[in-house]
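So for the sequence shown, my numbering puts the first residue at 1101; every next one is plus one. Ideal Cβ positions, reconstructed from N, Cα and C, are used throughout, including at glycine. All figures in this text were calculated on a predicted structure; none of them were measured in a lab.
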Amino acid sequence: MKILRKLYIALIFVFLYAPIGTLIVLSFNKSRTRAKWGGFTFEWYVALLEDETILNALGNTLLIAFISSIVAVVIGTITCVAMSRMKRKPRIILMGITNIPMLNADIVTGISLMLLFISMGLKFGFGTILLSHITFNIPYVILSIMPRMSQLNPHTYEAALDLGASHITAFFKVTLPDLMPGILSGFLMAFTMSLDDFIITHFTKGAGVDTLSTKIYTEVRKGIKPEMYALSTIIFVTVLVLLFLINMTPTKKQKN
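Laid out in structure tokens, this is it:
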């Protein structure tokens, strides 16, 4: 039984990481074709740094993800504070409404936002993509912060007010630090969702503006450049290193 369990786990890892391993190997393949090995090379990594279209798409992706996540966190935090002051029934109703975008199909959200921007006369481009990402990120931020909000002790906030603090000071000194774990998880969730989004971005982007997802989609229709393999490898290794550092930090604190 132990052998079967180990074999089962091994198969899971193979199915999960074999495609990524193949992609990493192809990023060092000197041949442009994926059918044969033409030798080891760093040529595609050098070419990646010289490809302005891919670098622009990467820059747009990171900038949109960062700005939309920050704005979504601010709006989501304010919304959670307001909802915590509401009565139980209105709060449940509002929470259900905020969950609808997460349950809705991305293609419906993308078409709806596209029609909304058209009716408002907005020019499609960086701004419409940013607005779209803020819109679909807010529910994820609320979902991350609201459980933390429900665990707060309201008496600490009231005690700060009794000791002479203003409402703003009490919020930043008492409430915000307690909400910070939920805020950070909401930011990371929003950032990840924004990086990964394709469908909504595809419907709300303008001509000449691309993110990595839409750029890769365009390349797939023409034939993927080897530079994309190199870029995907860099992204995977970066995420792997970040996860390693995050998981190592608690271990070092426990030893200290």
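Residues of its chain near T1338, where Cβ-Cβ distance is below 7 Å and the 5 sequence neighbours each way are ignored: Correct list: empty, nothing qualifies.
With a cut-off of 8 Å, does the C-beta of F1336 fall near any C-beta of chain C? The question asks about chain C, but that chain is absent: this structure has only one protein chain.
Please report how far the alpha carbon of A1260 lies from the alpha carbon of N1237, in whole angstroms. So the alpha carbons of these two residues sit roughly 32 Å apart.
Could you compute how far the alpha carbon of M1249 sits from the alpha carbon of L1279? When rounded, the separation of the alpha-carbon atoms in M1249 and L1279 is 7 Å.
Any idea which residues DSSP pairs N1160 with across the strands? Answer is none; N1160 lacks a bridge partner.
Cβ contact check for the stretch 1231 to 1245 and the stretch 1173 to 1187: 3 or more pairs under 8 Å: Verdict: yes, contact present.
Within 8 Å, strictly: CB atoms of L1314 and H1302: Note that residue 1314 is Thr in the sequence shown here, rather than Leu. Contact: yes.
Report the rounded CA-to-CA distance for R1321 versus L1288, giving the unit in angstroms. R1321 and L1288: Cα-Cα distance of roughly 31 Å.
Counting Cβ pairs closer than 8 Å, one from the stretch 1222 to 1238 and one from the stretch 1162 to 1170, do we hit at least three? By the Cβ test, the stretch 1222 to 1238 is in contact with the stretch 1162 to 1170, since at least three Cβ pairs between them sit closer than 8 Å.
Once the 5 residues before and after G1225 are set aside, which same chain residues still bring their CB inside 6 Å of it? Closer than 6 Å at the Cβ level, and outside the excluded window around G1225, lie G1306 and V1309.
What is the rounded straight-line gap between the Cα of P1247 and the Cα of P1281? A direct Cα-to-Cα measurement between P1247 and P1281 gives close to 11 Å.
How long is the line joining the alpha carbons of I1218 and L1312, rounded to whole angstroms? I1218 and L1312 have their C-alpha atoms roughly 24 Å apart.
What does a CB cutoff of less than 6 Å around A1147 pick up in its chain, not counting 5 residues either side in sequence? These residues qualify, in order along the chain: E1327.
My guess is that V1173 and G1286 are in contact by the Cβ rule of under 8 Å, so how many angstroms apart are they, rounded? That belief holds up - the Cβ atoms of V1173 and G1286 are roughly 6 Å apart, short of 8 Å.
How long is the line joining the alpha carbons of K1102 and A1330, rounded to whole angstroms? Distance between the alpha carbons of K1102 and A1330 is about 38 Å.
Reference F1140, options D1151, R1134 and S1127, closest by Cα: Of the candidates D1151, R1134 and S1127, the one whose C-alpha sits nearest the C-alpha of F1140 is S1127.
Using three-state DSSP, classify N1129 as helix, strand or coil. Strand at N1129.
Below 8 Å on the Cβ atoms is my guess for D1206 versus I1300; work out the distance and round it to an integer in Å. Taking the Cβ atoms as the reference, D1206 lies roughly 6 Å from I1300, within the contact range of under 8 Å.
Answer yes or no: do T1275 and M1214 have a C-beta to C-beta separation smaller than 8 Å? Not a contact, by the Cβ cut-off of 8 Å.
F1140 by DSSP, collapsed to three states: which one? Of the three classes helix, strand and coil, the one that applies to F1140 here is strand, per DSSP.
In whole angstroms, what is the alpha-carbon distance linking I1192 and I1245? Inter-residue distance for I1192 and I1245 is about 15 Å (C-alpha atoms, whole angstroms).
Using the beta-carbon count (16 or more within 10 Å), is N1199 buried or exposed? With fewer than 16 Cβ atoms within 10 Å of its Cβ, N1199 is classed as exposed.
How is A1265 classed by DSSP in three states: helix, strand or coil? Three-state result, A1265: coil.
Pull up the distance between the alpha-carbon of L1284 and that of K1136, whole angstroms please. Taking the straight line from one Cα to the other gives about 45 Å.
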